[in-house]
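Q:
There are 2 protein chains.
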Amino acid sequence: MGNELGVLLTRSSSERERWSLPWRPTQGGETLEAASIRVTQDALGEPPIWIEQIGAFGDGKRHPSDAEISVAFVGLVPHETASPRAGYTWFPMGDHPPLTPRQRSMVEMATRTIQGRLDQAPIAFRLLPPTFTLSELQQMYELLLGKRLHKASFRRALQAAWLVEPIDEWRSEGRGRPAQLFRYSPKKRRRPHRGVRFDFLYP
Amino acid sequence: MGNELGVLLTRSSSERERWSLPWRPTQGGETLEAASIRVTQDALGEPPIWIEQIGAFGDGKRHPSDAEISVAFVGLVPHETASPRAGYTWFPMGDHPPLTPRQRSMVEMATRTIQGRLDQAPIAFRLLPPTFTLSELQQMYELLLGKRLHKASFRRALQAAWLVEPIDEWRSEGRGRPAQLFRYSPKKRRRPHRGVRFDFLYP
DNA sequence: GACTTTAGTCACAATAAGTGACTAATTCGC
DNA sequence: GCGAATTAGTCACTTATTGTGACTAAAGTC
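Protein chains in written order, with the numbering used here: chain A, 5 to 207; chain B, 5 to 207.
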């Protein structure tokens, strides 16, 4: 782990020792989002730094809990501070134990949801400590996007977005030139207005 | 109507004559999407040309049907062919009768979902007849996006996307030069690969 | 035929992105 | 101490993409 997204699974004793996504039934008077934050709390002892609903899944077949539909959420926690409680284990997102088809598609949609929101919410910034180097930030984006980015392009885009400001501190990482530390401090700026896009390939 | 999105509401007699989004309870063995297509069929006599789940809503308060959570979908139909059955009425998306807060947020998310998918699925093309003029296509995009587009930019982007091909037919709309007709016929092309974007403004 | 209206295209400017090469500051091996 | 290696940070140049006004084309109106 550390340079790849992970997925937290739990081994359900009731179901022939299969791994599954952590879940819990809703409690009365609670929003779905609050319930899903509670799942994270129970599993890791802390809430996610970001969470979003993936969608509702229901096809007539019932969930073990006897619920007719399952509502999936994706949340993120920084790996360092997130030590799983007993019964929970981290797996690499791309190499986890077999899941039911429904859960597998939830995991796939989770990745897509993260990557689609990355340019709309400061997800990467909240996964990092309050101060960070630009290389750390870039590595976080690369981890989340699952692809390499060009250093100059990344920094140019970051600069144009007025999202970080340098602080008067440097950090030496052993070898190489020390890196300046930055802090997330978004400034007001005009919303980029783009025209149409036709990004779909097939009907 | 005709140059704005509409929302189809139904007047529920049970609930003090309030307008509400069309809904129905799920039937066993049916996916959520199939159920929502059935809602459209019952209301308009035809299925939507595109449909997508908006999300699940649940906050402890129950829906009139006694369901604990509601799963909302957004679907589109061309206005011309979609004549509502008794009890259903079209309203302009931006000026409809008061709804419950939950339903109001569903309507808002519906608009955002449409606009967010417009560049990823040929929604606009399916709302038009098989052959259409480029001005009609542009007007459809403008209607769905809720903003004006520049003619030259629109056509340039369309050309780059290899999505339409001209047919050997022209249509005269009364005054002005006759417009050439086009048909939707997407060609293979390489997926555009973009770098990072930082499009969010606030934490 | 002059004027209006809609279609369709062009050319140029402005922005944004991709990319390699460069300079800077440090550690490591010797 | 000194050069190689390593990481940070920036520059300059190229290429793509987008915004935009102006232009030409083909019809109808009067």
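Ideal Cβ positions, reconstructed from N, Cα and C, are used throughout, including at glycine.
Unbroken alpha helix (DSSP H) runs of length 4 or more, entirely within the segment 38–81 of chain A: which are they?
A: For the segment 38–81 of chain A, not a single whole alpha helix (DSSP H) run of length 4 or above is found.
Q: For a contact defined as C-beta to C-beta under 7 Å, what are the partners of residue 195 of chain A on chain B?
A: Indexing the first sequence from 1 puts residue 195 of chain A at position 191. Those within 7 Å of residue 195 of chain A in chain B are 205.
Q: Specify the secondary structure class of residue 90 of chain B as computed by DSSP and reduced to three states.
A: For the purposes of this step, residue 90 of chain B is identified with residue 86 of the second sequence, where counting begins at 1. Reduced to three states, the DSSP call for residue 90 of chain B is coil.
Q: Would residue 14 of chain A and residue 91 of chain A qualify as a contact pair, given that the criterion is a beta-carbon distance under 7 Å?
A: In the first sequence, residue 14 of chain A corresponds to position 10, counting from 1. In the first sequence, residue 91 of chain A corresponds to position 87, counting from 1. Yes, Cβ-Cβ distance for residue 14 of chain A and residue 91 of chain A is below 7 Å.
Q: Pull up the distance between the alpha-carbon of residue 151 of chain A and that of residue 201 of chain B, whole angstroms please.
A: Locating residue 151 of chain A in the first sequence gives position 147, where the first residue counts as 1. Locating residue 201 of chain B in the second sequence gives position 197, where the first residue counts as 1. If you take the alpha carbons of residue 151 of chain A and residue 201 of chain B, they lie about 14 Å apart.
Q: Considering only C-alpha positions, which residue in the set A:132, A:45, A:141 and A:163 is nearest to residue 89 of chain A?
A: Numbered from 1 along the first sequence, position 85 holds the residue referred to as residue 89 of chain A. Answer by Cα proximity: A:45.
Q: Out of B:159, B:175, B:9 and B:110, state which residue places its alpha-carbon closest to the alpha-carbon of residue 98 of chain B.
A: The residue labelled residue 98 of chain B in the question sits at position 94 within the second sequence. Minimum Cα distance to residue 98 of chain B is reached at B:9.
Q: Rounded to whole angstroms, what is the Cα-Cα separation between residue 81 of chain A and residue 107 of chain A?
A: Here residue 81 of chain A corresponds to residue number 77 of the first sequence, with the count starting at 1. Here residue 107 of chain A corresponds to residue number 103 of the first sequence, with the count starting at 1. Between residue 81 of chain A and residue 107 of chain A, the C-alpha separation is close to 20 Å.
Q: Using a threshold of 7 Å, state whether the C-beta atoms of residue 111 of chain B and residue 11 of chain B are closer than that.
A: Taking the second sequence and counting its residues from 1, one reaches residue 111 of chain B at position 107. Taking the second sequence and counting its residues from 1, one reaches residue 11 of chain B at position 7. The answer is yes: Cβ separation under 7 Å.
Q: Among residues of its own chain, excluding the 5 on either side of residue 27 of chain A, which ones have a beta-carbon nearer than 6 Å to its beta-carbon?
A: Within the first sequence, numbered from 1, the residue matching residue 27 of chain A stands at position 23. Once the five neighbours on either side are set aside, residue 27 of chain A has no close Cβ partner at all.
Q: Just checking my contact of residue 141 of chain B with residue 153 of chain B at CB under 8 Å: how many whole Å lie between their CB atoms?
A: Locating residue 141 of chain B in the second sequence gives position 137, where the first residue counts as 1. Locating residue 153 of chain B in the second sequence gives position 149, where the first residue counts as 1. About 10 Å; that fails the 8 Å criterion.
Q: Chain A partners of residue 118 of chain B, CB-CB under 9 Å?
A: Here residue 118 of chain B corresponds to residue number 114 of the second sequence, with the count starting at 1. Per Cβ cutoff of 9 Å: no residues; residue 118 of chain B is ~14 Å from chain A at best.
Q: Which chain A residues are close to residue 186 of chain B, counting only those with a beta carbon under 8 Å from its beta carbon?
A: Translated into positions along the second sequence, residue 186 of chain B becomes position 182. The premise fails here: residue 186 of chain B is roughly 14 Å from chain A at the closest Cβ pair, so nothing lies under 8 Å.
Q: By DSSP, does residue 24 of chain B sit in helix, in strand, or in coil?
A: Numbered from 1 along the second sequence, position 20 holds the residue referred to as residue 24 of chain B. Residue 24 of chain B: strand per DSSP, three-state reduction.
Q: In the segment 72–85 of chain B, which residues sit with their C-beta less than 8 Å from some C-beta in chain A, listed in chain order?
A: The segment 72–85 of chain B vs chain A, Cβ under 8 Å: 72, 73 and 75.
Q: Is it right to say residue 128 of chain B is buried, meaning 16 or more other beta carbons lie within 10 angstroms of its own, or is it exposed?
A: As a first step, residue 128 of chain B must be located in the second sequence, where it is residue number 124. Result: buried.
Q: Let's see if you can read the secondary structure: which residues bound the alpha helix (DSSP H) around residue 120 of chain A?
A: On the first sequence, position 116 is the one that residue 120 of chain A refers to. 105–121 is the extent of the alpha helix (DSSP H) around residue 120 of chain A.
Q: Checking contacts by CB at 7 Å: is residue 114 of chain A closer than that to chain B?
A: In the first sequence, counting from the first residue as 1, residue 114 of chain A sits at position 110. So, not an interface residue.
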